[in-house]
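Numbering follows numbering that gives the first Met the number 0, with no gaps: position 487 of the sequence shown is 486. Heads up, the beta-carbon is just placed ideally off N, CA and C, and yes, glycines get one too. Everything numeric in this text was worked out from a predicted model, so none of it was measured. This report concerns only the one structure given below.
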Amino acid sequence: MIPENATASAAPPRQVLDPPPGPWERQLRRVGYVAHPHLSVHDRLTAPFPDPGSRLRHTLGLSPATARRPARWSPWGWPLLVTLLAGLPRFRRLGSPRAVVFDETYYAKDAWSLLRLGYEGGWPDRLVADPQILGSPQVVPLSDPGAFVAHPPAGKWVIALGEWMFGLGPFGWRFMTAALGTLSVLMLCRIGRRLFRSTLLGCLAGALMAVDGLHFVMSRTALLDLVVMVFALAAFGALLVDRDRTRARLAAALPVDGDGPARPDGRTGDRAGTGPRPWRIAAGVFLGLSASVKWNGLYFLAGFLLLTLLWDAGARRTAGARHPYRAVLRRDCWSALSLAVVAALTYLATWTGWFRSDHGYGRHWADGRGGTWSWVPAALRSLWHYESEVYRFNVGLQTPHPYESNPWSWLVLGRPVLFHYAQAEPGTAGCRAATACSQTILALGTPLLWWSACCALVYLLYRWALRRDWRSGAVLCGVGAGYLPWFLYQDRTIFSFYAVAFVPYLSLAVTMMLGALPGPPGASDRRRVRGAVLAGLLVLLIGWNFVHFLPLYTGQSIPYADWRARLWLDGWL
């Protein structure tokens, strides 16, 4: 269950009498707004984690010492267990199918080129190169001249790490995406725990993402979009830690009334410093890496920069600042802008191999060229020219594709992408049917999870607009940064698997909705039992739904009739 406010502490929060509602608040109450209890300033600034030992002791009737032993490891133990269960199916038969799946034909080869040359070299046509790479003996037809590529190098460096360890083969080029996909489950468990102040809800969010079909398929395929998601999620988690630490410093700086609670103070709220903010710098590095994989990572930078500024303004308002936004501009703006500066430096650092090369595409374009910008180093001007060409290519890409889709259809899974299809004759490749079997890899989100997320997003909009719930705003920001920018490019050839970038935030949204089903604190036992049963039933159905579609995610041989029966919507064919 999610508490109605964010102060889920072991001890009851300090409350004072609520002030009488103003006229605007009275109008909002007519449409369902309910104000939070008027807590002390300290409790509003800091939200301590509940004591799991106390909860376990009361539930099972254990002694304090006995209850604290398992409680001591639960904040990490349960997330690690969820991560282990998520990792096992992601690594199982990772090298199957032994084929170049969808856009692996670009990224796996570019990754190997980066590993050998430091930049993306030239390859023959994929109809020639792919069979040579998969053949025995293997032939690697890589040449030195630089090739024009459509995405920055960071994501391909990640794929190259797996190829460095395991060689240029399906297992090698898929290893790092499987590792990052598994790691992202652990990250989301811990992020959800910090966001909701509940280990149970944090693990539930991680488990929901672990059983999402789109996340699962992208974890087992050497494409770039999951890498974008992982770095952006790491930045989101770092900003959450920065938020908690900054608000704790403001709370510690507030004056106190004798032995009573801290009180709001305009001087402290307007002028107090927040000290060094290393987690914000870490977020800048992660956001720079995200944009260095694919350019849509830039939208996470913009969204999270705005989010952290609003968090700072809210903290200073709570601390008693008379002009919170002015205080943020004076005290916090430079540290927030460090996100952009650090991200830009990180982006440039990922191009080190290209800078050091002589044959990278366009590397010496600016050499000997004069003009207005001649004072800028030639290498940077060459990179700018290269990136301008890449931008024009990406914006103007309108090559028809049978599995392209409009972003309006993504949330309802209108048109998933078929990454791989093959037929297996009876008695071969695990086909036990009397007729030919189908082997597919379909980038399809778990339907019940995504359709539940549509409802959850509506609930979060309500929580954010009428309950002023900052957690809802944070989750919606993540969804918006990963989803809304694609509406600017509806005429471009785009695919629904790009949506993996905001899958973690959909999982958090569903978790928040499920946590609210048992009702607020003080709800009747009947309401709580009904809500818990309904939430548990939906989680079980989502898990069953993932297992039902698992053969379509892993390329298993199943009878054609069984494959066809799993295509619930016409757009999935």
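Skipping 5 residues on each side, what residues in its chain have a beta carbon closer than 6 Å to that of Arg462?
-> Locating residue 462 in the sequence shown gives position 463, counting from the first residue. Cβ neighbours of Arg462 beyond the five flanking positions: Asp468, Ser471.
Alpha carbon of Leu447 to alpha carbon of Asn544, nearest angstrom
Start at 1 with the first residue of the sequence shown, and residue 447 comes out as number 448. Start at 1 with the first residue of the sequence shown, and residue 544 comes out as number 545. When rounded, the separation of the alpha-carbon atoms in Leu447 and Asn544 is 7 Å.
Could you tell me how far apart the beta carbons of Met228 and Pro503 are, in whole angstroms, since I believe they sit closer than 8 Å?
As a position in the sequence shown, residue 228 is number 229, starting the count at 1. As a position in the sequence shown, residue 503 is number 504, starting the count at 1. The pair is a contact, with the Cβ atoms about 7 Å apart (cut-off 8 Å).
Notebook entry, point to check: Can you list, in chain order, the residues of its chain whose CB lies under 6 Å from that of Ile190, leaving out five sequence neighbours each side?
Noted result: The count along the sequence shown starts at 1 and reaches residue 190 at position 191. Once the five neighbours on either side are set aside, the close Cβ partners of Ile190 are Gly236.
Open item on the list: Can you look up Phe418 in the DSSP assignment and give me helix, strand or coil?
Closed with: Along the sequence shown, one-based indexing puts residue 418 at 419. Collapsing the DSSP output to three states places Phe418 in a strand.
- request: Label Pro484 either buried or exposed according to how many other C-beta atoms from any shown protein chain fall within 10 Å of its C-beta, with 16 as the threshold for buried.
  value: Indexing the sequence shown from 1 puts residue 484 at position 485. By the 10 Å Cβ count, Pro484 comes out buried.
*Asp143 versus Ala159 - alpha carbon distance*: Numbered from 1 along the sequence shown, position 144 holds the residue referred to as residue 143. Numbered from 1 along the sequence shown, position 160 holds the residue referred to as residue 159. The alpha-carbon of Asp143 is positioned some 17 Å away from that of Ala159.
For Gln14, count neighbouring Cβ atoms within 10 angstroms of its own Cβ and tell me buried if that reaches 16, exposed if not. For this step, residue 14 is matched to residue 15 along the sequence shown. Any reading at Gln14 must be qualified, since the residue scores a pLDDT of 43, below 50, and its modelled position is unreliable; no value is offered.
### Task
Identify whether Ala442 lies in helix, strand or coil by the three-state DSSP scheme.
Working through the sequence shown from its first residue, we reach residue 442 at position 443. Three-state result, Ala442: strand.
| field | Proximity to Leu579 [Cα-Cα], best of Val411, Leu540, Gly426 | value | Summary: the structure shown does not reach residue 579, with the chain confined to residues 0 through 572, and so no result is reported for it.
Exercise for review: Return the chain-ordered list of same chain residues with a C-beta closer than 7 Å to the C-beta of Gly570, the five sequence neighbours on each side being excluded.
Suggested key: Taking the sequence shown and counting its residues from 1, one reaches residue 570 at position 571. Scanning its chain for C-beta atoms nearer than 7 Å, with the 5 sequence neighbours on each side dropped, one finds around Gly570 the residues Gly413, Arg414, in chain order.
(message) Which runs of the alpha helix (DSSP H) at least 4 residues long sit entirely within the stretch 477–558? Give them in chain order.
(response) For the stretch 477–558, the full-length alpha helix (DSSP H) segments reaching 4 residues or more read 502–515, 524–553 along the chain.
Exercise. For Trp562, does the count of other Cβ atoms within 10 angstroms reach 16, so buried, or fall short, so exposed?
Worked result: Numbered from its first residue, the sequence shown carries residue 562 at position 563. So Trp562 counts as buried.
- Message: Using the three-state DSSP reduction, which class does Asp17 fall into: helix, strand or coil?
- Response: In the sequence shown, counting from the first residue as 1, residue 17 sits at position 18. Low local confidence applies: a pLDDT of 45 at Asp17 is under 50, so the model's placement there is unreliable, and no value is given.
| When we look at the beta-carbon of Ser523 and count the other beta-carbons within 10 Å, is it buried (16 or more) or exposed? | As a first step, residue 523 is located in the sequence shown; it is residue number 524 there, counting from the start. Exposed, by the Cβ-count rule.
Check your understanding: Whole beta strand (DSSP E) runs in the stretch 316–352 with 3 or more residues, listed along the chain?
Key -> For the stretch 316–352, not a single whole beta strand (DSSP E) run of length 3 or above is found.
Is the Cβ-Cβ distance between Pro263 and Val457 less than 8 Å? As a position in the sequence shown, residue 263 is number 264, starting the count at 1. As a position in the sequence shown, residue 457 is number 458, starting the count at 1. Taking a C-beta distance under 8 Å as the contact criterion, Pro263 and Val457 do not qualify as a contact pair.
From the DSSP output, which residues share a beta bridge with Ser437? The residue you call residue 437 lines up with position 438 of the sequence shown. Answer is Gln422, Ile557.
Of the listed residues Pro550, Trp310, Glu424, nearest to Ser95 (C-alpha basis): The residue given as residue 95 occupies position 96 in the sequence shown. Taking only the C-alpha atoms, the option nearest Ser95 is Pro550.
TODO: Apply the 10 Å Cβ neighbour rule to Tyr390 and answer buried if 16 or more other Cβ atoms are within range, or exposed otherwise.
DONE: Taking the sequence shown and counting its residues from 1, one reaches residue 390 at position 391. Exposed, because fewer than 16 other Cβ atoms sit within 10 Å of the Cβ of Tyr390.
Going by CA-CA distance only, name the one from Arg173, Leu80, Trp77 that's closest to Trp111.
-> The residue given as residue 111 occupies position 112 in the sequence shown. Of Arg173, Leu80, Trp77, the residue nearest in Cα terms is Arg173.
*What's the call for Pro360, buried or exposed, on a 16-neighbour Cβ count within 10 Å?*
Here residue 360 refers to the residue found at position 361 of the sequence shown. According to the sequence provided, residue 360 is Tyr. The question's Pro does not apply to it. Burial call: buried.
query: Does the stretch 351–371 come within contact of the stretch 113–123, defined as at least 3 CB pairs closer than 8 Å?
result: Put simply, the stretch 351–371 touches the stretch 113–123. At least three CB pairs are less than 8 Å apart.
Taking just the CA atoms, how far does Asp124 sit from Pro140?
-> Residue 140 sits at position 141 when you count from the first residue of the sequence shown. Residue 124 sits at position 125 when you count from the first residue of the sequence shown. Computed Cα separation, rounded: 10 Å.
DSSP three-state call for Val394: helix, strand or coil?
Numbered from 1 along the sequence shown, position 395 holds the residue referred to as residue 394. Three-state DSSP puts Val394 in a helix.
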